[in-house]
Amino acid sequence: MGENKDKKFKVLIVDDSAIARGIFEKAFKETGLFEIAGSVSNGRKAVDFCHQNRVDLVVTDYDMPEMNGVEATSVITKELGIPVCVYCEDNSAKADALGAGAILYDIKPSFSSLSSQSMVYFIEKITETIKKYSTCHSCAEKPVAHEADKEIKKDYPAHSYKILCIGASTGGPTAVQEVLKGLGKNFPLPILYVQHIDTGSDQKMVSWFNSTCPDTPMELAKDGQIAQKGHVYMAPADKHLVIDFINKDGKPVLKLSDEPPERFLRPAVNKLFRSAASLYAKHCLAVLLTGMGRDGAEGCKDIVNNGGYTIAEDKSTCAVFGMPAAAIELEAATKVYPRGIIAREILRLV
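Residue numbers for the sequence shown follow our numbering, beginning at 39 and rising by one.
Right, dumping it as C-alpha cells:
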C-alpha cells in the first residue's frame, strides 16, 4: 500500500521546443509525483524512446515535425499500452487525439512562468488523470476481476435482438471504431452510443467516425428522433441519452435529458442501458468497452436481469480496464471478448 502511494510516474516529455521541454521538466519535478524518463523533440523519437525505456506516461505536443503527437499516440497506446496526454494550441486535434487513444487532451499552457494559472491547471489535470488511470489498472489486477471466471454461467437462447447499445470512456473512440468497422454495411439494428466526452468535442468526434466508418453513418442524437437501423446515434456532450418509448413501427424514439449527472457523468452509460433494458428486455444487446470507473456496469446488470445479452471488452485490449471490470465483477457480462472479435460476435447474435 505504501509502495503504491510513494510511486513516482516516469514521464516522457515530447515537444519540438527545447524551452517548452525544459519548463515542463521543472513543473513535473516540482509535483513530487513524477520522475523525468526523458525529453525528445518529435513523435518518431518518442516512439523509439518508449520501445527502449520504461515509461509510465507520455505528455506530447500535437504539432511537431516528422511525426505529430496524434500519430505518435496511436502507436504508443496500441503497440505499447502506455497512456498519452496530448496538448495543442486549440481544440482542432481533439477528436483525432482521443480517437488515437489519448487519455487526456488539453490546451497548451502558457510558458510565461511555472506559476502561471494555465500551467498550474494543466499539471493538476494531468496529475489527476494519471492517478485515476493508475488506480483503474491496479484494481484490474485484483483477483476479483478474472474475466473467464466471471462470465455469466448461463446458456442464453438466441433472441431476436432489436437494439444495440454501446458504452465507452477512456480509449473508447478507437474501440468503437474497430467494432463499427467490423459490423459492415446494412447492419440490421439501430445503434445507440454513449461516450464520455467534453463539451465542444462531440460533433468533431462524429465527423471523425463518419470519415473512418462510412458503412455505419453516425450523428448526434436529437430529442424526439426515431432511430433507424444501421445508423449510430451518439449522445451529445452534457446530455443523457435514453430511449423514451418504442413507436407503433417498433422503432426506438430517443430522448435527451438534462437530469443531474450520475456518478459525476453526463451522459451516463447507465442511463441508456437502463432505459433499453426496461423497454426491450430480452431483445436488448449491449456492449461495454474500455473506460475508467464503473459507469455502465449497473446498466449491464439491468439488461441481464431482464433477459438481454451483454458483452464486456476483455482486459487484454482495454486502454483502461475499469468499466468492463466493474460489469464482470457484478456478474453482468454475459460474455467477455477481446475487442477484435466483438463485432463478429454481434453479427452472430443478430
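No residue lacks a Cβ here, since even glycine has one placed at the ideal position from N, Cα and C.
Just so it is clear, the structure is predicted and the values come from calculations on it, not from any experiment.
**Asked** Touch check for the segment 156 to 163 and the segment 296 to 308: three-plus C-beta pairs under 8 Å?
**Response** no
**Message:** To the nearest angstrom, how far is the alpha carbon of E257 from that of L202?
**Reply:** 15 Å
**Message:** Just to confirm my understanding: we take K219, look at its own chain, exclude 5 residues before and 5 after, and list those with CB closer than 7 Å. What are they?
**Reply:** C251
**Message:** Rounded to whole angstroms, what is the Cα-Cα separation between L323 and T355?
**Reply:** 21 Å
**Item:** Three-state class that DSSP yields for S295 in the structure shown
**Value:** strand
**Request:** Could you tell me the distance, in whole angstroms, from the CA atom of S54 to the CA atom of D94?
**Result:** It should be pointed out that residue 54 corresponds to Asp in this sequence rather than to Ser. Each residue's alpha carbon lies about 21 Å from the other.
**Asked** If you pair each beta-carbon of the segment 223 to 242 with each one of the segment 262 to 278, do three or more pairs fall below 8 Å?
**Response** yes
**Request:** In the DSSP assignment, find the unbroken alpha helix (DSSP H) run with V49 in it and report its ends.
**Result:** It is not in any alpha helix (DSSP H) - V49 instead sits in the beta strand (DSSP E) that spans F47 to V52.
**Message:** If the criterion is Cβ atoms closer than 7 Å, does the pair T237 and D261 meet it?
**Reply:** no
**Asked** Taking the alpha carbon of K293 as the point to measure from, which residue in V280, D101, I51 and E300 has its own alpha carbon closest?
**Response** V280
**Message:** Taking the straight line between their C-alpha atoms, what separation do you get for Q233 and A213?
**Reply:** 11 Å
**Item:** Which of helix, strand or coil DSSP assigns to C356
**Value:** coil
**Request:** In angstroms with no decimal places, state the Cα-to-Cα distance between M361 and S77.
**Result:** 33 Å
**Request:** Check C203 in the structure and name its three-state DSSP category.
**Result:** strand
**Request:** Look at A315 and I341 and say whether their C-beta atoms are less than 7 Å apart.
**Result:** yes
**Message:** Quick check: what's the CA-CA separation for A183 versus F149?
**Reply:** Low local confidence applies: a pLDDT of 39 at A183 is under 50, so the model's placement there is unreliable, with the coordinate-based value given in what follows. Approximately 43 Å between the Cα atoms of the pair.
**Item:** Separation of Q215 from K373, as counted between CA atoms
**Value:** 20 Å
**Request:** Could you give the DSSP three-state label for D99: helix, strand or coil?
**Result:** strand
**Request:** Quick one: give me the first and last residue of the alpha helix (DSSP H) that E68 is part of.
**Result:** A56 to T69
**Prompt:** Excluding five sequence neighbours on each side, which residues of the same chain lie with their C-beta closer than 7 Å to the C-beta of D352?
**Reply:** E185, V374, Y375 and P376
**Request:** Return helix, strand or coil for L327, following the three-state DSSP convention.
**Result:** coil
**Cutoff 8 Å; reference P298; Cβ partners in own chain excluding five residues on either side** = R304
**Nearest to L118 (by Cα), restricted to the options S295, Q90 and K132** = Q90
**Prompt:** Taking the alpha helix (DSSP H) that G81 falls in, what are its first and last residues?
**Reply:** G81 to Q90
**Asked** Less than 7 Å separating the beta-carbons of E127 and K146?
**Response** yes
**Item:** Closest residue to I114 among V85, A131 and D99 (Cα-Cα distance)
**Value:** V85
**Request:** Report buried or exposed for G378, applying the criterion of at least 16 other Cβ atoms within 10 angstroms of its Cβ.
**Result:** exposed
**Asked** K64: buried (16+ other C-beta within 10 angstroms of its C-beta) or exposed?
**Response** exposed
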